[in-house]
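Okay, here's the thing in structure tokens:
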């Protein structure tokens, strides 16, 4: 064997993170990001520079229970040793829960068929030492029926320009929202969103708009008119990032 | 009215805290403690020095969802304004969820008829960015049936000397354990303990001993023999504090 390294492998990882205080997924100079931390420590483990591809570029402060990334390596570390090795180097805010070798063609971003996000809110008057990192504190009663009615207007295939950061790069702003369901557990409200893709800030603008419905500041019907307007100003405010969590990324079975 | 302050009131508070990095409940010089933080900020709100009495002196790192405290004040701040005023001053790790005026005789510690604690563990191989502050990471399969069988031996009225820190001050080490129930939710195991009182480290030594049963290092039967031995060395190790949470304090209805 002339090759000092191993054969080239494509490795897929499942990554969880508490995004509090992190500058989001995407690597940026002089900032702590999930991609940056993964690349830095994988470089040590694999013995060469690593480029990590993430399924979703979550914003600063957003969390993940099921982010998916992949990277190519000719290092010799066994695949099943990668989570333990990586978790011993990563800060406690980030954890790799699984690693597997996948087809060389697998691309965590381009092959993603959909994503599920969950947004959490705490509605009791008092803040919570346990939930404040992971839930938006809206200390007022919210009209669940109105918020669900508003959410229903968004389900389906639509142009989501109104629910997308004005600065977003995407040219085609049509997406298919497969589910938008509110659930209540005590003082905690959660909105689960499943779509074939999310535009920049889409989940947070949907939440911010529906909360305006829940507070009685706009009717559920205005969610439909906002959608039709195809301009950012027609929708509501962007909900804060810390209530949002990337639950999972959906792939065709064959590619993962 | 000659009195510059208001009439003397006895106020009961419900307090929640994430104990991470705090030096426990009891005030100590030059340490951040729950009692110390409450007394410092209540002093500002009430306009005079405040002495806070807590139902349970939780250890450093232990959390609370339902700690109960009381204090006497002749300050004029309305009782229902105290939570908002206090929460605006307290660090985000501590929150007061309720305040009410109670009989002048009410004493949060002496009047407590019982307490409920919950201990949480994460058993999956990988640590968790979300649960690591609140659950002991035991990355091995645990025998739930064995741990429950061991727990059953402890239910009832017993001398818990074996399950008490050797340095504990209590002379009478008999307590009545009313419930000791394990529950499993995915990778998370939780033990709920309800007793008329807890000796120093009692909950954590019970958990540490039962986990040794769960790992197969001792039989469930040895929990009974440990109890009978009435010496600390007969029981298992003390589980770490960060898995423990004071759920609630039980009072006779009349006193609260």
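Protein chains in written order, with my numbering: chain Z, 1213 to 1468; chain W, 1213 to 1468.
Quick reminder that beta carbons are idealized off the backbone N, C-alpha and C, glycines included.
query                                                                                                                 : result
Residue 1307(Z): contacting residues in chain W (beta-carbon distance under 7 Å)                                      : 1338, 1339, 1340, 1341
Reference residue 1340(Z), options 1359(W), 1372(W), 1277(W), closest by Cα                                           : 1277(W)
Paired residues, beta bridge with residue 1389(W) - DSSP                                                              : 1368(W), 1407(W)
The stretch 1446-1453 of chain W / the stretch 1411-1431 of chain W touching (three or more Cβ pairs under 8 Å)       : yes
Assigned secondary structure, residue 1376(W) (DSSP; H/G/I helix, E/B strand, else coil)                              : coil
Proximal residues of chain Z, C-beta to C-beta of residue 1449(W) below 8 Å                                           : Going along chain Z, no residue has its Cβ under 8 Å from residue 1449(W), so there is no contact; the nearest lies around 23 Å.
Where residue 1271(W) meets chain Z, residues with beta-carbon distance less than 7 Å                                 : Those within 7 Å of residue 1271(W) in chain Z number zero; the least Cβ separation is about 17 Å.
Proximity test, residue 1404(W) beta-carbon vs the ligand MN heavy atom, cut-off 6 Å                                  : Absence of the ligand MN is noted for the structure shown, with no ligands found whatsoever.
Chain W within 7 Å of residue 1304(Z), Cβ atoms only                                                                  : yes
Under 7 Å from the C-beta of residue 1463(Z): neighbouring residues of chain W                                        : In chain order: nothing, as chain W lies at least about 21 Å away.
Cβ neighbour criterion (16 or more within 10 Å) applied to residue 1213(Z)                                            : Bear in mind that the predicted position of residue 1213(Z) carries a pLDDT of just 39, short of 50, making it unreliable; the figure below should be weighed with that in mind. Per the 10 Å Cβ criterion, exposed.
For residue 1258(W), the first and last residue of its enclosing beta strand (DSSP E)                                 : Counting along the chain, residue 1258(W) falls outside any beta strand (DSSP E), though it belongs to the alpha helix (DSSP H) covering 1246-1258.
Min CB distance residue 1399(Z) to chain W below 7 Å                                                                  : no
Min CB distance residue 1344(Z) to chain W below 7 Å                                                                  : yes
Beta-bridge pairing of residue 1228(W) - partner residues as DSSP gives them                                          : 1307(W)
Secondary structure of residue 1313(W), DSSP reduced to three states                                                  : strand
Residue 1221(W) (DSSP reduced to helix, strand or coil)                                                               : strand
Min CB distance residue 1331(W) to chain Z below 7 Å                                                                  : no
Residue span of the alpha helix (DSSP H) that contains residue 1285(Z), given as start and end                        : Looking at the DSSP string, residue 1285(Z) is not in any alpha helix (DSSP H); the run it does join, the beta strand (DSSP E), is 1275-1285.
is_contact[residue 1240(Z), chain W] using C-beta, thresh 7 Å                                                         : no
Cβ contact check for the stretch 1267-1287 of chain Z and the stretch 1235-1244 of chain Z: 3 or more pairs under 8 Å : yes
According to DSSP, residues forming a beta bridge with residue 1400(Z)                                                : 1334(Z), 1397(Z)
CA nearest to the CA of residue 1357(W), picked from 1423(W), 1246(W), 1245(W), 1244(W)                               : 1423(W)
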